[in-house]
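Numbering (the working numbering), first residue to last: 0 to 337.
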């Protein structure tokens, strides 16, 4: 028998996210790092709450798999301990905070985005793109969020595809450098270059220095949409979570520049949340497409078939898809320049 229960699960989705977000905001998971346990009364005193809301927060967090309960005490689950404690290598709280502060309120007006076919998180009449902003706090929030999502995605991609055959990587739109950092920590012979906007390269330089990789990862300030050519001298080019931001003509033009920049035998890697070829799922890819409606002028999530066709049309051969599971991507489409 069909029931409305699946619809109620959708309704309650925002409740789960906001419970996660307020836990990150309060520093709940960071305070419980290292196996620390608190009772409801202790949490109430520590956070300045009455016992009723403290009880509701802890029990709801436990129901979501963020906390474990033993007797009267609550402690971090393995998930929260690894990804929600500030300072950990794959800390994901920055993504949670950015989504909570930047994108959730505009999503309440998604009908406006559908009717107007224009973004809600920035004004195209005032900015060239989502990434064109003079707000330093917003810039920091955005790139910290992208780094949080990208770092673990890079790890999953490196498990799915062996970059060990390559010597020099060009990360186009590489942001704060999560992918080159993860790859170079694994592969001592690999060198990498990040191509991004000048202010982003500054952020990347800080992250690269923190990782102790300034001798192996460099940055090139530029605009991959406007520059006539990409930096050459690399045998693999990465486009990670880039193409979903732009429309098809823009993406085809960028793939053509990637083809021109690679030597014969060079490989391109397109890492994305891929829709299936029927464009009916999976939900994480389709819903990210809806998010592109809220955040970009022409972006959407594309299917593996669309990427394969564009790559073939650009002159690449041996096109194939490698699936994996990560926060920012569920697969990579790879191709070789003949």
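Glycine included, C-beta positions come from ideal geometry on N, C-alpha and C.
Bear in mind the structure is a predicted one, so any value in this text is a computation, not a measurement.
Three-state secondary structure assigned by DSSP to residue i
| i | result |
| --- | --- |
| residue 180 | helix |
| residue 76 | coil |
| residue 269 | strand |
| residue 295 | coil |
| residue 48 | coil |
| residue 66 | strand |
| residue 319 | strand |
| residue 1 | coil |
| residue 236 | strand |
| residue 217 | strand |
| residue 143 | helix |
| residue 169 | strand |
| residue 241 | coil |
| residue 148 | helix |
| residue 161 | coil |
| residue 21 | helix |
| residue 99 | helix |
| residue 201 | helix |
| residue 331 | strand |
| residue 210 | coil |
| residue 29 | helix |
| residue 311 | helix |
| residue 279 | coil |
| residue 36 | coil |
| residue 42 | helix |
| residue 194 | strand |
| residue 346 | In the structure displayed, the chain extends from 0 to 337; residue 346 sits before or after that span and is not available. |
Reference residue i, options the options, closest by Cα
| i | options | result |
| --- | --- | --- |
| residue 84 | 58, 125, 19 and 102 | 19 |
| residue 71 | 39, 90, 98 and 77 | 39 |
| residue 8 | 149, 63, 33 and 26 | 63 |
| residue 198 | 172, 187, 183 and 16 | 172 |
| residue 101 | 90, 281 and 290 | 290 |
| residue 215 | 189, 10, 177 and 108 | 189 |
| residue 330 | 42, 45, 269 and 124 | 269 |
| residue 202 | 259, 228, 136 and 165 | 136 |
| residue 24 | 78, 94 and 49 | 94 |
| residue 26 | 115, 75, 106 and 278 | 75 |
| residue 126 | 209, 296 and 235 | 296 |
| residue 228 | 206, 259 and 210 | 259 |
| residue 309 | 149, 251 and 281 | 251 |
| residue 34 | 13, 200 and 77 | 77 |
| residue 149 | 206, 337, 104 and 106 | 206 |
Under 7 Å between C-beta atoms of residue i and residue j
| i | j | result |
| --- | --- | --- |
| residue 317 | residue 237 | no |
| residue 233 | residue 185 | no |
| residue 175 | residue 121 | no |
| residue 288 | residue 332 | no |
| residue 159 | residue 323 | yes |
| residue 267 | residue 257 | yes |
| residue 147 | residue 91 | yes |
| residue 118 | residue 247 | no |
| residue 338 | residue 245 | The structure shown does not extend to residue 338, since the chain spans only 0 to 337, so no value can be given for it. |
| residue 217 | residue 192 | yes |
| residue 328 | residue 255 | no |
| residue 65 | residue 79 | yes |
| residue 219 | residue 165 | no |
| residue 162 | residue 326 | no |
| residue 43 | residue 50 | yes |
| residue 274 | residue 300 | yes |
Cβ shell of residue i (< 6 Å), same chain only, five flanking positions each side left out
| i | result |
| --- | --- |
| residue 21 | none |
| residue 15 | 63 |
| residue 54 | 39 |
| residue 112 | 119, 292 and 293 |
| residue 276 | 302 and 304 |
| residue 210 | 180 |
| residue 239 | 178 and 270 |
| residue 99 | 20 |
Contact belief for residue i with residue j at Cβ below 8 Å, rounded distance in angstroms
| i | j | result |
| --- | --- | --- |
| residue 144 | residue 181 | Not really, about 17 Å apart at Cβ, beyond 8 Å. |
| residue 284 | residue 272 | 4 Å |
| residue 194 | residue 221 | 5 Å |
| residue 36 | residue 69 | 7 Å |
| residue 264 | residue 335 | 6 Å |
| residue 156 | residue 183 | Not confirmed; about 14 Å, so no contact. |
| residue 73 | residue 81 | Incorrect: roughly 17 Å between the Cβ atoms, too far for contact. |
| residue 140 | residue 97 | 5 Å |
The ligand ADP heavy atom lying under 6 Å from the CB of residue i
| i | result |
| --- | --- |
| residue 187 | Absence of the ligand ADP is noted for the structure shown, with no ligands found whatsoever. |
Contacting residues, own chain, Cβ-Cβ under 7 Å from residue i (five flanking each side not counted)
| i | result |
| --- | --- |
| residue 58 | none |
| residue 179 | 168, 170, 173, 191, 193 and 216 |
| residue 311 | 318 |
| residue 46 | 25 and 53 |
| residue 321 | 159, 160, 330, 331 and 333 |
| residue 307 | 318 and 332 |
Cutoff 7 Å: residue i Cβ touching any chain D Cβ
| i | result |
| --- | --- |
| residue 215 | The structure shown contains no chain D, having only a single protein chain. |
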